[in-house]
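Notes follow once the structure below has been shown.
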Amino acid sequence: MKEGEGSVQKSEVSKEISHSSRLNRGLSVLDFILRIIAALGTFASAIVMGTTNQTLPFGTQSLQFRAEWKDLPMLTFFVIANSVVCGYLVLSLPLSVFNIIRSSTTITRIILIIFDTAMMALANAGACSAASIVYLAHKGNSAANWFAICQQFNNFCERISGALIGSFVAVVLLIIMIVMSAVALSRC
19 MKEGEGSVQK
29 SEVSKEISHS
39 SRLNRGLSVL
49 DFILRIIAAL
59 GTFASAIVMG
69 TTNQTLPFGT
79 QSLQFRAEWK
89 DLPMLTFFVI
99 ANSVVCGYLV
109 LSLPLSVFNI
119 IRSSTTITRI
129 ILIIFDTAMM
139 ALANAGACSA
149 ASIVYLAHKG
159 NSAANWFAIC
169 QQFNNFCERI
179 SGALIGSFVA
189 VVLLIIMIVM
199 SAVALSRC
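What follows is the structure, given as structure tokens:
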């Protein structure tokens, strides 16, 4: 082997490592941004659902019909699940910053993949359970004698439907973050 060939090979290897490091750093920055957006989505969903209620007067002031998120366990689970996921996303921001600083680390990426997967499952479970109640509120179920309540409780239904959007967006963002972490991990 000639003297010049070794330095050319070392130069090509260092360029490849530099390109991989820049790609991992870019993925880490994108991961950080997506974590913030997902945290805001779950936070907004939990707040919107947790403050949703509507009262309809019926004839007199003493007889009123009330729809509240606390009345349905699935909506309570939705609020708790989104709150837990939001808390996790905020607490995972330092690890994401660490991945930006040291883009070649593997252990923090593995930790994030594991916990992101668990939080994605929790957020998805909460959103799906609430989606079933939202569907019943909009459509009802004649076989079970459940009437659609959205004609009467219009504001209540709009708010719980809107809360679902933020939660499902967070689920999609968590899936994207899991895939990005796996790609960055495979390039380390």
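Counting from 19, one number per residue, gives the positions in the sequence shown under the working numbering. Note that CB positions come from ideal geometry on N, CA and C, so glycine has one too.
Closest Cα partner of residue i within the set the options
i    : options                : result
N142 : V152, E86, L93, A99    : A99
I55  : V201, S204, V190       : V190
A62  : I196, C104, S150, T94  : C104
T135 : A148, A188, K88        : A188
R177 : F50, A57, L107, E86    : E86
N172 : L113, I51, N71         : N71
F133 : L52, M195, R205        : M195
L90  : S114, F116, V197, G144 : G144
M92  : F165, S160, W164, A149 : A149
S101 : N159, V66, L111        : V66
Proximity below 8 Å, CB of residue i to CB of residue j
i    : j    : result
R127 : A181 : no
A64  : V97  : yes
G59  : S185 : yes
F214 : S114 : Shown here, the chain extends from 19 to 206; a query on residue 214 therefore has no answer.
L109 : R53  : no
According to DSSP, residues forming a beta bridge with residue i
i    : result
E176 : Bridge partners of E176: none, in fact.
N159 : W164
N71  : E86
Own chain partners of residue i with C-beta closer than 7 Å, once the 5 adjacent residues on each side are dropped
i    : result
K88  : T94
S121 : S39, N42, R43, S46
L192 : A56, D134, M137, M138, A141
6 Å CB neighbourhood of residue i in its chain, flanking five on each side removed
i    : result
S199 : R127, L130, I131
S179 : V152
N117 : S46, T126
T123 : none
V197 : none
L158 : Residue 158 is actually Gly in this sequence, not Leu. Closer than 6 Å at the Cβ level, and outside the excluded window around G158, lie W164, F165, A166.
Residues near residue i in its chain [Cβ-Cβ closer than 8 Å; skip 5 each side]
i    : result
C175 : V152, A155, H156, I167, C168
S160 : none
L48  : M198
Residue i Cβ short of 7 Å to the ligand NAD heavy atom set
i    : result
N100 : Summarising the ligand content, the structure contains no ligands, and the ligand NAD is consequently not present.
Can you list, in chain order, the stretches of the alpha helix (DSSP H) that have 4 or more residues and sit fully within the stretch 97-172? 111-119, 125-157
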